[in-house]
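A short write-up of the structure that comes next.
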Amino acid sequence: MAMNPGSTSGMAGDYNENSDPQLAIINLMTPYIHLGIDELNVSSLPLVIADFGSSHGRNSIIAMKIFIKYLQEKN
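The opening residue of the sequence shown carries number 3 in our numbering; numbering runs sequentially from there.
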């Protein structure tokens, strides 16, 4: 089957299932994410958080939720 040279092919199967190892690392790193946030001076607003992920799926949403939830808990 010929592919369109301008197209990309995704991972076989469900993207989120294939991303479980990366999600496990995000979960293991959560305490270190909190430590990093603790070192930031976030007293001035607005605070901008950018997700420069290279794909879609639950992992980047979960990581952003970790950042936002912890920042909300600190205030």
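Every residue gets a Cβ at the ideal spot worked out from N, C-alpha and C, and that includes glycine.
If we ignore side chains and look at the alpha-carbon of each, how far apart do residue i and residue j end up?
i     : j     : result
TYR72 : HIS36 : 7 Å
VAL44 : PRO23 : 31 Å
Nearest to residue i by alpha carbon, out of the options?
i     : options                       : result
ALA65 : ASP16, MET31, TYR17 and ASN20 : MET31
VAL50 : GLU19, GLN24, PRO33 and ILE70 : ILE70
LEU25 : LEU47, PRO48 and LYS67        : LYS67
From the beta carbon of residue i, is the nearest beta carbon of chain B less than 8 Å away?
i     : result
LEU25 : Absence of chain B from the displayed structure is noted, only one protein chain being present.
If residue i and residue j are in contact, beta carbons under 8 Å, what's the gap, nearest whole angstrom?
i     : j     : result
SER21 : ASN77 : So it is not a contact: roughly 31 Å between Cβ atoms.
ASN29 : GLY59 : Contact doesn't hold; Cβ gap of about 15 Å is too wide.
Within the segment 15-65, note down every full alpha helix (DSSP H) run reaching 4 residues or more, in order along the chain.
-> 17-20 and 22-41
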